[in-house]
Amino acid sequence: MRHLKSLVLSLLVPALFLCLWAYMAKRTANDVVLPPIGQVATHFASPGTSLIGMGSLVSN
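By the working numbering, the letter at position 31 of the sequence shown is numbered 103, and the numbering carries on one by one without gaps.
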């Protein structure tokens, strides 16, 4: 029973975090402040691409 509770908790917490992230990303509607999960997943899938498309910190 203890292992089952631990398993459920270890699956539930990340799922709730992702749900909250998706909700807040949609609510803020600002990809710079809080990008959607799909956009972040795309960056993780292709790590060689530029992460910041707005130029460098020096030029801004």
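Think of the CB as a built atom: it goes at the ideal place given N, C-alpha and C, for glycine as much as any other residue.
Note that the structure is predicted; figures quoted are calculated from it, not measured.
CA-to-CA distance, Leu-106 to Phe-89, given in whole angstroms
If you number the sequence shown from 1, residue 89 lands on position 17. If you number the sequence shown from 1, residue 106 lands on position 34. The alpha-carbon atoms of Phe-89 and Leu-106 are separated by roughly 14 Å.
Name the two residues that bound the continuous alpha helix (DSSP H) containing Ser-82.
Here the question's residue 82 lines up with position 10 in the sequence shown. Where Ser-82 is concerned, the enclosing alpha helix (DSSP H) starts and stops at 74-100.
DSSP on Val-112, reduced to helix/strand/coil?
Against the sequence shown, residue 112 aligns to sequence position 40. Here Val-112 sits in helix by DSSP.
Buried versus exposed call for Ala-40 [16 or more other C-beta atoms within 10 Å across all chains shown]
This structure gives no information on residue 40, because the portion of the chain shown stretches from 73 to 132.
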